[in-house]
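So the sequence shown is numbered by our numbering: it starts at 300 and just counts up by one.
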Amino acid sequence: MLALLLVIAPLFRAGLLPLASMALQLLALGILVAALWSARAPQLSPLEIALLAALPASVILYLIPLPAAWIDALPGRALYASATGLLTDGGASGWKPLSLNPTATLNAGLGLLVPLAVFIGCRRLDAGSLLRLTHLLLGIAAAEALLGLIQFGTVQNGQMLFAVSGGHTDSAIGTYANRNHLSGLLEMTLPLALALLFSSLDTEPASRTHGPWRRRAAAFLRSGRSMQVILYASTALMLLLGVIFSRSRMGIGMTMLGLVLGTLLFAPRIGGRNAFGVTGTIVALVLGLGLAIGMTPVLSRFSVESVTEDGRGMIFTATLTGIGERLPLGTGPGTIPDAMRAFAPVELGSKFFNHAHNDYLEWTSDVGLIAPALIALALLLYLRQWTHVYSRAPWTRARFLQAGAGIGLLLLALHELVDYNLATPANQAVFALLAGIFFMPAGKLDGAGDQRHRARNLSPNRQHTDRLANTAPDEADLDRASPPADQIENPFKD
Numbered sequence: 300m301l302a303l304l305l306v307i308a309p310l311f312r313a314g315l316l317p318l319a320s321m322a323l324q325l326l327a328l329g330i331l332v333a334a335l336w337s338a339r340a341p342q343l344s345p346l347e348i349a350l351l352a353a354l355p356a357s358v359i360l361y362l363i364p365l366p367a368a369w370i371d372a373l374p375g376r377a378l379y380a381s382a383t384g385l386l387t388d389g390g391a392s393g394w395k396p397l398s399l400n401p402t403a404t405l406n407a408g409l410g411l412l413v414p415l416a417v418f419i420g421c422r423r424l425d426a427g428s429l430l431r432l433t434h435l436l437l438g439i440a441a442a443e444a445l446l447g448l449i450q451f452g453t454v455q456n457g458q459m460l461f462a463v464s465g466g467h468t469d470s471a472i473g474t475y476a477n478r479n480h481l482s483g484l485l486e487m488t489l490p491l492a493l494a495l496l497f498s499s500l501d502t503e504p505a506s507r508t509h510g511p512w513r514r515r516a517a518a519f520l521r522s523g524r525s526m527q528v529i530l531y532a533s534t535a536l537m538l539l540l541g542v543i544f545s546r547s548r549m550g551i552g553m554t555m556l557g558l559v560l561g562t563l564l565f566a567p568r569i570g571g572r573n574a575f576g577v578t579g580t581i582v583a584l585v586l587g588l589g590l591a592i593g594m595t596p597v598l599s600r601f602s603v604e605s606v607t608e609d610g611r612g613m614i615f616t617a618t619l620t621g622i623g624e625r626l627p628l629g630t631g632p633g634t635i636p637d638a639m640r641a642f643a644p645v646e647l648g649s650k651f652f653n654h655a656h657n658d659y660l661e662w663t664s665d666v667g668l669i670a671p672a673l674i675a676l677a678l679l680l681y682l683r684q685w686t687h688v689y690s691r692a693p694w695t696r697a698r699f700l701q702a703g704a705g706i707g708l709l710l711l712a713l714h715e716l717v718d719y720n721l722a723t724p725a726n727q728a729v730f731a732l733l734a735g736i737f738f739m740p741a742g743k744l745d746g747a748g749d750q751r752h753r754a755r756n757l758s759p760n761r762q763h764t765d766r767l768a769n770t771a772p773d774e775a776d777l778d779r780a781s782p783p784a785d786q787i788e789n790p791f792k793d
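Written as structure tokens, this is what we have:
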């Protein structure tokens, strides 16, 4: 069901259509029930449980009916109390919830089902299942990027193929309505492609080849995993092109940062044990950093207007003004379109904004000081997990995958300073999947999945040798008495 949710999530305007959103929520509910009732419960730390429980609790808090006089006495509520009094032809009476718009808050709470289900469902998987799910995600992202390239190419001739109703019409958008949200998907998944690419640049035959790095590279190219590397590299290139032609300034900037961080982290660990030595590390650093630096002109050539030119600066100022007047509780999750009408900049004219274009400001506007507290807890968990993921020992493929997921989380978290990717169900699901991978206990992933993968790449003689090393003495003696079928038994041994 988790794979099905990931496939469906981006199909219909990235899950923003009402029916698509309802279908995703029902599917998420099924995943949660299956995960929580299963005998194999997800392993979560107390801090993780506290953070996960606080998310729905912050919604429920704003839906609990309280005396209306208490609500109207809160900071910043006088204007709304006056308007309500005029509309109801009377003063405050009865009971009402903390939320300025209870329906919007309820919808925001239902929207939490998708990321919660993906995170909890992901935490129940083993290394092999997570790798397959990651391959599926990379396939989805590459398909979105390819669709975006087709859209950008055809719009140059006057009419965009596969256009999304109500979406941007001058750049790649995939099945999204917003180019920034497509770039958010691609920038999150690019570090995963880079992680798998660097982890695959090694085989057992290549690692046993001694001599110059060119000899080891030749041995690698003769191995069966070279095609896998080509596939990962092609996927990374497709994602990179998709971000460029989305023309999202912040998306391109975050992709450049992702290339730099991924190169610096993965280049010294090619194949998990630096298979190509110092020379290979230097070549990888030059290629990765050179590509990131070479994208600098793309910012001015392909991207659209900057943050200060598209009115976001005015929106940030208005949001901060509203937050200051309504602290410490805010107006309720999902209520920023209603709460900010009184603070909308005059320069916007008849236009209005339904998001703050900064998720951190928007969350603080919605739930007041609860938001900074939850953000601080999430940041603490993120930094603490890096101390478990980062290791100087040789890395397994799962460790590469976790590091790539951690970089992807950081890139979208920074992107949210000027956007609202996490208001899109498809990107919520991908962000939650990356969080599930990254926060997985490191020891759980360094197990069977990588051992099976190494076994498939060992030669028959090497597998026989490893099996002898792990068998009991009696079994080992028996194996020595029966040589492998591809060896000729010595007729004169007696």
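All C-beta atoms in this analysis are idealised placements derived from N, C-alpha and C, irrespective of residue type, glycine included.
Should residue i be labelled buried (16 or more other beta-carbon atoms within 10 Å of its own) or exposed?
| i | result |
| --- | --- |
| Val417 | buried |
| Ile348 | exposed |
| Asn726 | buried |
| Thr663 | buried |
| Pro759 | With a pLDDT of 47 at Pro759, under the threshold of 50, the modelled position of that residue is not reliable, and the figure given next carries that caveat. Answer is exposed; the Cβ neighbour count stays below 16. |
| Asp469 | exposed |
| Gly393 | exposed |
| Pro632 | buried |
| Gly557 | buried |
| Val542 | buried |
| Val306 | exposed |
| Trp369 | exposed |
| Val645 | exposed |
| Arg548 | buried |
| Ala426 | buried |
| Gly570 | buried |
| Ile581 | exposed |
| Asn720 | buried |
| Gln684 | buried |
What would DSSP say about residue i, mapped onto helix, strand or coil?
| i | result |
| --- | --- |
| Pro396 | coil |
| Pro627 | coil |
| Leu767 | Residue placement at Leu767 cannot be trusted, given a pLDDT of 45 that sits under 50; what the coordinates show is reported in the next sentence. Here Leu767 sits in helix by DSSP. |
| Pro366 | strand |
| Gly633 | coil |
| Asp371 | helix |
| Pro309 | coil |
| Glu715 | coil |
| Arg546 | coil |
| Phe615 | helix |
| Phe738 | coil |
| Met555 | helix |
| Thr502 | Legend: pLDDT at Thr502 = 48, less than 50; position of this residue unreliable, value from coordinates given subsequently. Coil. |
| Leu660 | helix |
| Thr402 | helix |
| Ala643 | coil |
| Met487 | helix |
| Tyr361 | coil |
| Gly473 | coil |
What separation, rounded to the nearest whole angstrom, lies between the Cα atoms of residue i and residue j?
| i | j | result |
| --- | --- | --- |
| Leu744 | Leu429 | 9 Å |
| Phe642 | Leu678 | 30 Å |
| Met537 | Arg478 | 16 Å |
| Leu493 | Asp371 | 53 Å |
| Leu315 | Gly623 | 30 Å |
| Asp718 | Phe730 | 15 Å |
| Glu443 | Leu540 | 11 Å |
| Gln342 | Pro671 | 26 Å |
| Leu586 | Leu619 | 42 Å |
| Pro345 | Phe544 | 42 Å |
| Gly735 | Ala377 | 42 Å |
| Leu495 | Ala692 | 18 Å |
| Val324 | Pro309 | The sequence shown places Gln at residue 324, rather than the Val named in the question. Going from the Cα of Gln324 to the Cα of Pro309 covers about 14 Å. |
| Ala302 | Leu350 | 25 Å |
| Ala356 | Leu432 | 30 Å |
| Trp694 | Ala702 | 10 Å |
| Ala449 | Tyr475 | In the sequence on display, residue 449 carries Ile and not Ala. Using only the alpha carbons, I get a separation of about 14 Å. |
| Leu716 | Val688 | 26 Å |
| Ile413 | Ala333 | A small fix is needed here, since residue 413 is Val in this sequence, not Ile. Cα-Cα distance, rounded: 14 Å. |
| Thr534 | Arg339 | 34 Å |
| Pro374 | Ile669 | 16 Å |
| Gly550 | His714 | 7 Å |
| Phe461 | Ala313 | 14 Å |
Touch test, the stretch 474-493 against the stretch 690-710, Cβ-Cβ under 8 Å, three pairs minimum: yes
The stretch 398-413 in contact with the stretch 354-368 per 3-pair CB rule at 8 Å: yes
Any 3 or more C-beta pairs closer than 8 Å across the stretch 318-334 and the stretch 406-422: yes
Contiguous alpha helix (DSSP H) assignments of at least 4 residues, all confined to the stretch 415-469: 426-454
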